[in-house]
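In full-length UniProt numbering, the protein residues as written are 1 to 395. A short worksheet on the structure shown next.
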Amino acid sequence: MWAVVVACLLVWVCLRSFGSGLLDLRVYLAGGEVWRAGADLYAPSFQGPNGLPFTYPPFAAMLFSGLTPLPLPVTAVLFTAAGLALFTAACHAAALRHPLRHPLRHPLPHPLRHPQPWAGFGLAAACLLLEPLRGGLDLGQINMVLIGFVAADCLLPRTPWPRGTLVGLAAAIKLTPAVFVLFFLSRRRWRPALTAVGTFAGAGLVGWVLAPDQSRQFWFDAMLDPQRVGGLAYSANQSLRGLLFRLGAPEAVWVVLCVAVLALTVLALPRLRDDLTALLAVAAAGLLVSPVSWSHHWVWAAPALLLLRGRVRIAVAAVFAVGPHWWLPTAGDRELDWAWWQHLVGNSYVWLALAFLGWCGIRAWRPAAGPAPKRDASPAPAQDEPARTRRRAWR
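Below, the structure written as structure tokens:
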């Protein structure tokens, strides 16, 4: 069934490449072509499709330049297939950490009680109906690739690569995944944290060596201008900055709220025992504090559904499937004239993320149900050896 879904999506993406679809992928490729030509990536003269600028570091343009010799339909199919594969891997890694809870009172048969390979496929297939995934596929966005990188680096029990490499690579491509270093730090996994920082710095150094002028322009000019990414008031900007800008609040309020969100997250993370919950808390905080978090950036809503139950899961999935902000007056700064109830509806992703972080805070500081069991002084039984091996694998 999953193969049929993927095949249909790839055919659809191929057809979209002949029209005006896959807008962001076209911008990525335009950036790669400009870099290959030795032109200025961040000059006002750069005109991507629909006049959109290239907003990623020069290192990302170097990677995208490898796709430019291919015909657009071929590139679109390969890029989408990679995104679907990595998104499915992310869902599977999350399902291994936190299997779907069932609503039945009686125990499920053995094959359904334990994580199975089909769990990731089922979750990924269902979540393709969510607005962040639909929008990302339509635009040819890279977020499905990045969530795969981060989830594999943070959730898999063992990795054939040095843990932290993929987080650093994701940050080198799109900056915002750098926030996931907090996950490693909260788990006292110093080596993966250093590996992520080193990979990010190494990729940036490659950019400086191969494109010094463009790197200087990006890091000291283009990166500091959020308006290059798009209008802050646009309803699809589901971040604290977008919410407050639409409300007309001063920028200082945004700074204070960002500090509060990050402080709460940093304090709560070490107390969250579940790795998936901690990782999703970092993702929610990163989406909230980023000046621009388009609705198609919210692909982390998919694994977050694993933590919910019953009607709450259905309600949250419905919100992310509908994308309420698209049903309100949007574009042309019409969001600045929203009524109070439209702000409640139009900022739904932000409210849900804040509620999730609040729940994480309550869970982190909730007192234990009872006294901790006494430790047995006798040697651990032989069957505990795999557990110790797993702990060593995380270091």
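All C-beta atoms, glycine included, are put in the ideal place defined by N, C-alpha and C.
By DSSP, does residue i sit in helix, in strand, or in coil?
i, result
"Asn-50", "helix"
"Asn-237", "strand"
"Trp-294", "strand"
"Asp-275", "helix"
"Ile-142", "coil"
"Phe-18", "coil"
"Val-181", "helix"
"Arg-392", "Bear in mind that the predicted position of Arg-392 carries a pLDDT of just 46, short of 50, making it unreliable; the figure below should be weighed with that in mind. DSSP places Arg-392 in helix when its eight states are reduced to three."
"Pro-73", "helix"
"Pro-160", "coil"
"Gly-135", "helix"
"His-98", "coil"
"Leu-306", "helix"
"Leu-175", "coil"
"Arg-363", "helix"
Using C-beta distances below 7 Å, list every residue in its chain close to residue i, excluding the 5 sequence neighbours before and after it, in chain order.
i, result
"Val-6", "Leu-84"
"residue 396", "The chain is shown only over 1 to 395; residue 396 falls outside these bounds and no answer can be derived."
"Gly-286", "Thr-176, Val-179"
Excluding the 5 residues preceding and the 5 following residue i in the sequence, name in chain order all residues of the same chain whose CB lies nearer than 8 Å to its CB.
i, result
"Leu-336", "Ala-233, Arg-246, Gly-248"
"Val-34", "Asp-40, Leu-41, Phe-46, Phe-54, Ala-61"
"Ala-76", "Val-13, Cys-14, Arg-16, Ser-17, Leu-22, Leu-25, Gly-140"
Since I believe residue j is in contact with residue i (beta carbons under 8 Å), could you give me their beta-carbon distance rounded to a whole number of angstroms?
i, j, result
"Leu-63", "Phe-149", "13 Å between Cβ atoms; not a contact."
"Val-253", "Leu-244", "6 Å"
"Cys-154", "Thr-277", "Wrong, their Cβ atoms sit about 12 Å apart, outside the cutoff."
"Ser-295", "Gly-135", "6 Å"
"Ala-263", "Leu-130", "No, Ala-263 and Leu-130 are not in contact; Cβ-Cβ is about 30 Å, not under 8 Å."
"Pro-49", "Ser-186", "40 Å between Cβ atoms; not a contact."
"Pro-291", "Ser-215", "The Cβ separation is near 21 Å, so there is no contact."
"Ala-196", "Val-229", "The pair is not a contact, with the Cβ atoms about 23 Å apart (cut-off 8 Å)."
Please list the terminal residues of the continuous alpha helix (DSSP H) segment that includes residue i.
i, result
"Asn-347", "That residue, Asn-347, is in no alpha helix (DSSP H); it is neither H nor E in DSSP."
"Ser-215", "212-220"
"Met-62", "58-65"
"Trp-338", "Element bounds for Trp-338: n/a, residue is neither H nor E."
"Gly-310", "310-322"
"Arg-189", "First-last for Arg-189: undefined, no H or E at that position."
Take residue i and list the residues in its own chain whose beta-carbon comes closer than 6 Å to its own, dropping the five residues that flank it on each side.
i, result
"Pro-73", "Cys-14, Ser-17"
"Ala-90", "Ile-147, Gly-148, Ala-151"
Does any residue of chain C bring its CB to less than 8 Å from the CB of residue i?
i, result
"Ile-142", "The chain labelled as chain C is not found in the depicted structure, where only one protein chain is given."
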